[in-house]
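S.K.: Positions in the sequence shown are counted from 1; adding 6 to them yields the working numbering. Glycine included, each C-beta is placed from N, C-alpha and C at the ideal position. In this text, all values refer to a predicted model and were calculated from it rather than measured experimentally.
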Amino acid sequence: MEHLDLAPCAATQGTVRLPGSKSISNRTLLLAALSEGVTEVRGLLDSDDTRRMLEALDALGVRVERLEDPLDYRVHGVGGAFPVKSAELFLGNAGTAFRPLTAALALMDGHYTLSGVPRMHERPIGDLVDALRELGAQIDYLGNPGYPPLAIKPWQNRHDETPGLRTRVRGDVSSQFLTALLMALPLSGEDVRIEVVGELISKPYIEITLNLLRRFGLQVERHGWSEFRLPARQRYHAPAVVHVEGDASSASYFLAAGALGGGPVRVEGVGRDSIQGDVKFAETLAQMGALIAMGDDWIEATGPVAARGGKLRAIDADLNHIPDAAMTIAVLALFADGPSTIRNVASWRVKETDRLAAMATELRKVGAEVEEGADYLRIVPPAALTPNAVIDTYDDHRMAMCFSLVAVGGTPVRINDPKCVGKTFPEYFEVLGTIAR
7 MEHLDLAPCA ATQGTVRLPG SKSISNRTLL LAALSEGVTE VRGLLDSDDT
57 RRMLEALDAL GVRVERLEDP LDYRVHGVGG AFPVKSAELF LGNAGTAFRP
107 LTAALALMDG HYTLSGVPRM HERPIGDLVD ALRELGAQID YLGNPGYPPL
157 AIKPWQNRHD ETPGLRTRVR GDVSSQFLTA LLMALPLSGE DVRIEVVGEL
207 ISKPYIEITL NLLRRFGLQV ERHGWSEFRL PARQRYHAPA VVHVEGDASS
257 ASYFLAAGAL GGGPVRVEGV GRDSIQGDVK FAETLAQMGA LIAMGDDWIE
307 ATGPVAARGG KLRAIDADLN HIPDAAMTIA VLALFADGPS TIRNVASWRV
357 KETDRLAAMA TELRKVGAEV EEGADYLRIV PPAALTPNAV IDTYDDHRMA
407 MCFSLVAVGG TPVRINDPKC VGKTFPEYFE VLGTIAR
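1. How many whole angstroms separate the CB atoms of residue 336 and residue 383, which I take to be in contact at a CB cut-off of 8 Å?
2. With the cut-off set at 8 Å, would you say residue 361 and residue 396 are in Cβ contact?
3. Using alpha carbons as the reference points, say which of 439, 219 and 103 lies closest to residue 243.
4. Just curious, the beta strand (DSSP E) that residue 20 is in, first and last residue?
5. In chain order, what residues of the same chain lie with their CB nearer than 7 Å to the CB of residue 41, ignoring the 5 residues before and after it?
6. How do the stretch 10-29 and the stretch 189-208 stand: do at least 3 beta-carbon pairs fall below 8 Å, yes or no?
7. Which first and last residues belong to the alpha helix (DSSP H) in which residue 437 is found?
8. Which word fits residue 412, buried or exposed, when buried means at least 16 other C-beta atoms lie within 10 angstroms of its C-beta?
9. Report yes if the CB atom of residue 103 is closer than 8 Å to the CB atom of residue 97, and no otherwise.
10. Put residue 317 into one of helix, strand or coil per three-state DSSP.
11. My output table needs one value for residue 127: the three-state DSSP class, helix, strand or coil.
12. With distances taken from CA atoms, which of 190, 176, 281 and 246 is nearest residue 233?
13. Drop a sphere of 10 angstroms on the beta-carbon of residue 225, count the other beta-carbons inside from all chains shown, and report buried for 16 or more, exposed for fewer.
14. Hey, how far is the Cα of residue 21 from the Cα of residue 146?
15. Taking the alpha-carbon positions, what's the residue 380 to residue 367 distance?
16. Find out if the Cβ-Cβ distance for the pair residue 214, residue 162 is shorter than 8 Å.
17. So, with DSSP's three-state summary, where would you put residue 13?
18. Between residue 436 and residue 36, what straight-line distance do the alpha-carbon atoms span, to the nearest angstrom?
19. Tell me, please, which residues DSSP counts as bridged to residue 174.
20. So, with DSSP's three-state summary, where would you put residue 268?
21. With distance defined between alpha-carbon atoms, name the residue in 69, 124, 44 and 32 nearest to residue 52.
22. Does DSSP classify residue 453 as helix, strand or coil?
23. Could you check if residue 115 is buried or exposed, using at least 16 other CB atoms within 10 Å of its CB as the buried criterion?
24. Determine the burial state of residue 290: buried for a count of at least 16 other Cβ atoms within 10 Å of its Cβ, exposed for fewer.
25. Can you tell me whether residue 243 is helix, strand or coil according to DSSP?
26. To the nearest angstrom, report how far apart residue 373 and residue 408 are at their CA atoms.
27. State the CB to CB distance for the pair residue 266 and residue 231, rounded to an integer number of angstroms; the pair is presumed to be in contact (CB under 8 Å).
28. Rounded to whole angstroms, how far is the Cβ of residue 125 from the Cβ of residue 99, which I believe are closer than 8 Å?
29. DSSP three-state label for residue 8, please.
30. Between which two residues does the beta strand (DSSP E) carrying residue 382 extend?
31. Does DSSP put residue 410 in a helix, in a strand, or in coil?
32. So for residue 250, helix, strand or coil by DSSP?
33. Quick one: which unbroken alpha helix (DSSP H) runs of 4-plus residues sit fully inside the stretch 102-151? Chain order, please.
34. With distances taken Cα to Cα, identify the nearest neighbour of residue 405 among 358, 389, 172 and 418.
35. When burial is assigned at 16 or more other CB atoms within 10 Å of the CB, is residue 327 buried or exposed?
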């Protein structure tokens with residue numbers, strides 16, 4: 007297996023321009039494709055996940071031009087109906103492509119199959135399929151019930167005695183199910199009400215979706231976090247230009263590096279004006295003792311006032327609102343002054359891998375004592391980290407990026423399958439090297 011050995015870092019300092027947000031990139035591409043008109047998407051993330059979405063849109067007959075800047079695209083919207091009525095789509099392990107495309111295609115007049123890598127076929131989608139079936143979608147499982155791959159047939163609009171469409175979806179498994187419904191259901195032309203069953207997790211990701219829907223001319227009425235209404239006869243309208251923010255989840259690794267290595271380390275592309283919930287990672291980092299400064303589109307982290315080698319403060323926190331960036335906090339807990347507990351992250355189990363189990367296993371390799379619960383980790387840092395631990399990454403980009411921080415904190419580490427970072431940040435290790443001293 008290919009691996010990367012990371013030498014211990016003495017200090018960190020510098021500025022990083024972040025790649026585009028994965029969540030914003032794939033949402034924007036699909037909304038632009040469904041719109042009436044042409045959208046220029048600037049600063050799109052170049053990664054495996056966005057390539058899967060671009061390939062899918064091409065297969066569905068959407069014209070997408072790459073502009074002079076390789077991160078800028080012009081998307082010619084299809085006005086709500088994909089021209090291609092039969093297609094087989096391979097979407098890798100891109101949940102931000104698979105779930106919204108499932109919902110959009112389920113409301114169209116075509117025959118489609120959607121598949122991915124083996125791990126995607128282990129990631130649940132049954133709650134989304136059930137919600138779509140309530141509306142008359144014709145979706146069949148081609149493997150295990152409740153999981154991809156899927157076969158989609160033409161939509162049969164299902165009315166009852168009450169005008170409009172009604173459906174319900176669980177909120178406690180993945181916020182991507184609700185995002186998919188919100189993005190796709192304007193295609194119905196109906197007045198739609200969506201009931202969220204149970205507590206909605208990862209609410210900041212729904213805020214991203216609502217923000218982008220407004221930019222594409224769509225109205226959504228939110229009643230708390232338990233019901234959403236989309237008025238009838240709405241159309242997607244292309245804004246002239248959409249600028250994709252830098253990826254706030256990716257920012258977490260560099261801000262953490264600033265805290266561990268002294269800093270200052272500044273990330274550009276996200277800041278106080280960001281629509282991404284993961285910017286709140288900076289607040290959690292401040293609770294652990296880092297010094298944080300923030301502008302409209304930048305955040306800067308400096309290590310605690312204590313001398314280099316000083317400890318971060320231990321933390322006991324509910325991090326349901328920042329599930330991706332919470333993984334970074336789990337690794338930072340190795341450098342804390344006592345046990346830390348990360349709570350309410352059950353959604354980790356249905357991500358690119360079972361992240362609760364994977365994090366517990368790999369944290370133990372570097373010497374931590376770890377208690378793994380159904381939705382939490384309790385991490386007791388060792389007196390000294392185990393040098394040259396071999397970290398398995400489970401084909402999960404965030405596992406690789408998180409555990410690179412072991413070296414930033416002064417302990418050599420080996421990362422297996424480092425190219426898995428291509429899912430969202432192909433140049434991650436090279437960029438990390440620019441701030442390491």
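M.R.: Put simply:
1. As a working mapping, residue 336 is identified with position 330 in the sequence shown. As a working mapping, residue 383 is identified with position 377 in the sequence shown. With a contact defined as Cβ atoms closer than 8 Å, residue 336 and residue 383 qualify at about 6 Å.
2. If you number the sequence shown from 1, residue 361 lands on position 355. If you number the sequence shown from 1, residue 396 lands on position 390. Taking 8 Å as the Cβ cut-off, residue 361 and residue 396 do not qualify as a contacting pair.
3. Along the sequence shown, read from residue 1 onward, the residue named residue 243 stands at position 237. Per the Cα distances, 219.
4. Counting from 1 along the sequence shown, the entry for residue 20 is found at position 14. Start and end: 18-23.
5. To locate residue 41, count along the sequence shown from 1; it is residue 35. Taking residue 41 as the centre and dropping the five residues before and after it, the same chain places the C-beta of 83, 222, 242, 243 and 244 closer than 7 Å to its C-beta, in chain order.
6. The stretch 10-29 makes no contact with the stretch 189-208: fewer than 3 CB pairs, one atom from each, lie closer than 8 Å.
7. Here residue 437 corresponds to residue number 431 of the sequence shown, with the count starting at 1. Residue range 434-441 is occupied by the alpha helix (DSSP H) that includes residue 437.
8. As a first step, residue 412 is located in the sequence shown; it is residue number 406 there, counting from the start. Buried is the label assigned to residue 412, since at least 16 other Cβ atoms lie within 10 Å of its Cβ.
9. As a working note, residue 103 is residue 97 in the sequence shown. As a working note, residue 97 is residue 91 in the sequence shown. With respect to residue 97, residue 103 sits close: the two C-beta atoms are nearer than 8 Å.
10. Position 311 of the sequence shown holds residue 317. Coil.
11. One-based indexing of the sequence shown puts residue 127 at position 121. DSSP, reduced to helix, strand and coil, places residue 127 within a helical segment of the structure shown.
12. What you label residue 233 is simply residue 227 of the sequence shown in a count that begins at 1. If we check each option's Cα against that of residue 233, 176 comes out closest.
13. Numbered from 1 along the sequence shown, position 219 holds the residue referred to as residue 225. Residue 225 counts as exposed, since fewer than 16 other beta carbons sit within 10 angstroms of its beta carbon.
14. Mapped onto the sequence shown, residue 21 falls at position 15. Mapped onto the sequence shown, residue 146 falls at position 140. Taking the straight line joining both Cα atoms gives about 48 Å.
15. On the sequence shown, position 374 is the one that residue 380 refers to. On the sequence shown, position 361 is the one that residue 367 refers to. If you take the alpha carbons of residue 380 and residue 367, they lie about 15 Å apart.
16. Taking the sequence shown and counting its residues from 1, the one referred to as residue 214 is at position 208. Taking the sequence shown and counting its residues from 1, the one referred to as residue 162 is at position 156. No, the pair does not count as a contact, with Cβ atoms beyond the cut-off.
17. Sequence index remark: in the sequence shown, residue 13 carries index 7 (1-based). Of the three classes helix, strand and coil, the one that applies to residue 13 here is coil, per DSSP.
18. Locating residue 436 in the sequence shown gives position 430, where the first residue counts as 1. Locating residue 36 in the sequence shown gives position 30, where the first residue counts as 1. Their backbone Cα atoms lie some 30 Å apart in a straight line.
19. The residue you call residue 174 lines up with position 168 of the sequence shown. Paired residue(s): 201.
20. Mapped onto the sequence shown, residue 268 falls at position 262. Three-state result, residue 268: strand.
21. Here residue 52 corresponds to residue number 46 of the sequence shown, with the count starting at 1. The option with the nearest alpha carbon to residue 52 is 32.
22. Nothing can be reported for residue 453, as the shown portion of the chain is limited to 7 through 443.
23. What you label residue 115 is simply residue 109 of the sequence shown in a count that begins at 1. With fewer than 16 other Cβ atoms within 10 Å, it is exposed.
24. Along the sequence shown, one-based indexing puts residue 290 at 284. Its Cβ being crowded by 16 or more others within 10 Å, residue 290 is buried.
25. Here residue 243 corresponds to residue number 237 of the sequence shown, with the count starting at 1. Note: residue 243 maps to strand in three-state DSSP.
26. Position 367 of the sequence shown, counting from 1, holds the residue named residue 373. Position 402 of the sequence shown, counting from 1, holds the residue named residue 408. Rounded to whole angstroms, residue 373 to residue 408 spans 16 Å at the Cα level.
27. Along the sequence shown, read from residue 1 onward, the residue named residue 266 stands at position 260. Along the sequence shown, read from residue 1 onward, the residue named residue 231 stands at position 225. 35 Å between Cβ atoms; not a contact.
28. Walking along the sequence shown from the start, residue 125 turns up at place 119. Walking along the sequence shown from the start, residue 99 turns up at place 93. Separation of the CB atoms of residue 125 and residue 99 is rounded to 5 Å, and the pair is thereby assigned contact status at 8 Å.
29. Taking the first residue of the sequence shown as position 1, residue 8 is located at position 2. Residue state for residue 8 is assigned as coil, using DSSP reduced to three classes.
30. In the sequence shown, the residue the question calls residue 382 occupies position 376. Unbroken run through residue 382: none, as it is neither H nor E.
31. The residue you call residue 410 lines up with position 404 of the sequence shown. Assignment of residue 410 by DSSP, reduced to helix, strand and coil, places it in the coil class.
32. On the sequence shown, residue 250 is found 244 positions in, with the first residue counted as 1. Residue state, collapsed to three classes: coil.
33. Secondary structure in the stretch 102-151: the alpha helix (DSSP H) runs of 4 residues or longer, each lying completely within the stretch, are 132-140 in chain order.
34. Translated into the one-based positions of the sequence shown, residue 405 becomes position 399. For residue 405, the nearest C-alpha among the options comes from 358.
35. Stepping through the sequence shown from its first residue, residue 327 is reached at position 321. Only buried fits residue 327, as 16 or more other CB atoms lie within 10 angstroms of its CB.
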